[in-house]
Amino acid sequence: MNDKQEKLIDKKGIRLDGRKADELRPLKLEVGVLPNADGSAYVEHGKNKILVGVFGPREMHPKHLSRPDRMVLRCRYHMAPFSVQERKSPAPSRREVELSKVIRESLEPALFLELYPRTGIDVFIEVLQADGGTRCASITAAALALADSGIPMRDLVVACAAGKIEDTVVLDLYDAEDKLGAADVPVAYMPNLNAITLLQMDGTLTPEEFEKAVSMATDGCKQIYPMQKEALKTKYMHIKEETQEETEE
Amino acid sequence: MTLKPSEQRNGNLVLPGERLGVIEEFIPDSGTYVKDGVIYSKIIGRALMDMLNRRVSVYPLNEGAVVPKVGVTVIGQIGNAQSDNVLVRIMGVGTKKNLSGIFSGILHISDVSDRYIDSMNDVCKPGDIIRAKVISGKNQIYHLTTSDKNLGVIYGFCSLCSTLLEQRQYEMHCPKCGNVERRKTAFDYGKEEI
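Protein chains in written order, with the working numbering: chain A, 7 to 255; chain B, 8 to 201.
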C-alpha cells in the first residue's frame, strides 16, 4: 500500500478519511428489509454494508442440538465473495467461524433463552461490503433484527470499536487503520443495563490506553444507540398508522 | 388482552430495554421484566400504564415469537402416516399462519375423536392439511387432538391422483378419478384460507 509512509493521523488530529479521533463513520440503519425473515436489518457503517436476517424460534435441526430447558441461538457470520478487494472464498474461514461464535456470545445475554425451550433461533449475518469493524456493525444490526422478530429481549445490544493508531487512541477504525494501526478494541454494550457483552483486544495497549479505548468505545455505543432506536421506531410508527387506518375503515 | 385502538394510542412506543418504572410504583404485567427492582420493556410495543390498578404492560406491535403451546389451535400437513398415528408438520400456530420453520407434532388414533376409529387411513392421508389442538408438549414432540367439531382435515387430497377432494355426506369424492375415501373433517372443510 502506498499510504504506508503517510501518517494515519496528522498533527491536528485529523485521520486519513478526514475524521477526528473521536468521530464515528456515518451510519445508516434500516429494519424489516427481508419479507421472508421473521426479523431483519440492514446497516451501512461507513463503507460496511451488512444484511441480517433472523429466523425462528423454530424446531432445531438436527434435533439433538436442541436443549430441553432453553432456546439455542445460532449465528452465522458470512462475508460475501465480493465483499473485499481480493475475492474471498465463500466457504466459512477460520475467522468467520470465530466471529460467529463471538457475535453469538455477545447477543445471548440480551435474550430470554429460557422462554422457548427446545427451539432454535438462527441469525444470518451477510457482509456485502467490508471496510473494518464488521463485527461491531453486525452486532448492532443483529440486535435490531432480533428485536424486529419480536423475541423478548432484555435490552438492545450496540457495538463499536476503538483502537490505537500512531500512539493516539481513536474511535471506530476503518480497514486501513485496522491493518496499519497498533491495536483494536471492539466493545458490545447494553446501554440501558450498562453492561458490556463483548470485549476483545488485538495488538498492544498500555493499561491506561486500554481503559481509554474501552470508555471511548462505550461512548461510541451510546452515540449509535439513539440511531438504533430511531431505526426501530421508524418501522413501528409506520405500522401503527396502518392499523389505525384499518380500524377507521 | 384486547384493546380498543384509542387505548393503544395512549401508550408510548417502547423498545426492548426501555425503563418503565420501578416495582414500588407499578405491578409489572405482560411484555415487561424486572431487574434490580426496575421494570423494563422486553418487546417492541406500546407502554400501557394503568394508573387505577397501578399496572404496567406493553402491548406488542408485532406477532412476536410464536411457538405451539398446550391448548393452542395449529394448522399442519400430514407427513408420515402409520395405522395408529400420523406425523404432522405444524406450519401455523394460532393466528400466525406462516411460521418460518416447522414444528413436528403427532396425532394418535386415540385422540382423533370420541368415537371408535378402526384405522388412521379413515382419518387422514399424507399431504392433507389439518387443524388440530395441542394437548401436550412432553416427550419432545407436540401431541395433537382433532376431537372437536372445528378440528380435523380442512383440505384433503385424493390418494390416487392428488386432486382436492369434495365432501359428500360421510364420504369424500375425488372429482377427477371418482375415488371414494374417508376423512375426519372439520365442519368448515375446504373453506379456510391458508
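A virtual CB, placed ideally from N, CA and C, is assigned to each residue, including glycine.
Rounded to whole angstroms, what is the Cα-Cα separation between residue i and residue j?
i                 : j                 : result
Asp43 of chain B  : Arg26 of chain B  : 12 Å
Thr210 of chain A : Gly59 of chain A  : 35 Å
Ile145 of chain A : Ala194 of chain A : 8 Å
Val108 of chain A : Glu132 of chain A : 15 Å
Gly108 of chain B : Val39 of chain A  : 19 Å
Met7 of chain A   : Ala182 of chain A : With a pLDDT of only 48 at Met7 of chain A, under 50, the local geometry of the prediction cannot be trusted, and the value read off the model is given with reservation. For Met7 of chain A and Ala182 of chain A, the distance between alpha carbons rounds to 9 Å.
Val175 of chain A : Gln206 of chain A : 15 Å
Arg189 of chain B : Gln147 of chain B : 30 Å
Glu214 of chain A : Ala165 of chain A : 21 Å
Thr153 of chain B : Val100 of chain B : 15 Å
Arg82 of chain A  : Lys145 of chain B : 30 Å
His84 of chain A  : Leu14 of chain A  : 29 Å
Arg21 of chain A  : Asp137 of chain A : 15 Å
Phe130 of chain A : Arg80 of chain A  : 8 Å
Gly134 of chain B : Asp23 of chain A  : 60 Å
Pro12 of chain B  : Pro63 of chain A  : Confidence is the limiting factor: at Pro12 of chain B the pLDDT is only 46, short of 50, which leaves the residue's position unreliable, though a coordinate-based value still follows. Cα to Cα, the separation comes out at about 29 Å.
Met243 of chain A : Val79 of chain B  : 30 Å
Give the secondary structure of residue i by DSSP, where H, G and I count as helix, E and B as strand, and everything else as coil.
i                 : result
Arg31 of chain A  : coil
His67 of chain A  : coil
Asp225 of chain A : helix
Met127 of chain B : helix
Asp208 of chain A : strand
Ala136 of chain A : coil
Met233 of chain A : helix
Asp154 of chain A : helix
Ser99 of chain A  : coil
Arg110 of chain A : helix
Met8 of chain B   : Low local confidence applies: a pLDDT of 45 at Met8 of chain B is under 50, so the model's placement there is unreliable, with the coordinate-based value given in what follows. Note: Met8 of chain B maps to coil in three-state DSSP.
Please state whether the Cβ-Cβ distance between residue i and residue j is less than 8 Å.
i                 : j                 : result
Leu179 of chain A : Ala27 of chain A  : no
Leu172 of chain B : Lys239 of chain A : no
Ile46 of chain B  : Pro23 of chain B  : no
Gly163 of chain B : Arg138 of chain B : no
His115 of chain B : Asn87 of chain B  : no
Met77 of chain A  : Tyr122 of chain A : yes
Val141 of chain B : Val81 of chain B  : yes
Gln229 of chain A : Leu162 of chain A : no
Asp173 of chain A : Asp190 of chain A : no
Under the rule that 16 or more other beta-carbon atoms within 10 Å means buried, what is residue i, buried or exposed?
i                 : result
Asn157 of chain B : exposed
Ile30 of chain B  : exposed
Glu92 of chain A  : exposed
Asn308 of chain A : With chain A represented from 7 up to 255, any question about residue 308 of chain A goes unanswered, as that position is not in the structure.
Arg141 of chain A : buried
Phe194 of chain B : exposed
His51 of chain A  : buried
Please check if any C-beta of chain D sits within less than 8 Å of the C-beta of residue i.
i                : result
Asp44 of chain A : In the structure shown, chain D cannot be found, because the protein chains are A and B.
Output, in sequence order along the chain, the residues in the stretch 132-159 of chain A whose CB is closer than 8 Å to any CB in chain B. Ala153, Asp154, Ser155, Gly156, Ile157, Pro158, Met159
Cβ-based contacts, 9 Å cut-off: residues of the stretch 107-120 of chain B near chain A: Ser107, Gly108, Ile109, Phe110, Ser111
Please list, in chain order, the residues of the stretch 229-245 of chain A that have any C-beta partner in chain B closer than 8 Å. Lys235, Leu238, Lys239, Tyr242, Met243, Ile245
Going along the chain, which residues of the stretch 195-218 of chain A sit with their C-beta nearer than 9 Å to a C-beta in chain B? Met196, Pro197, Asn198, Leu199
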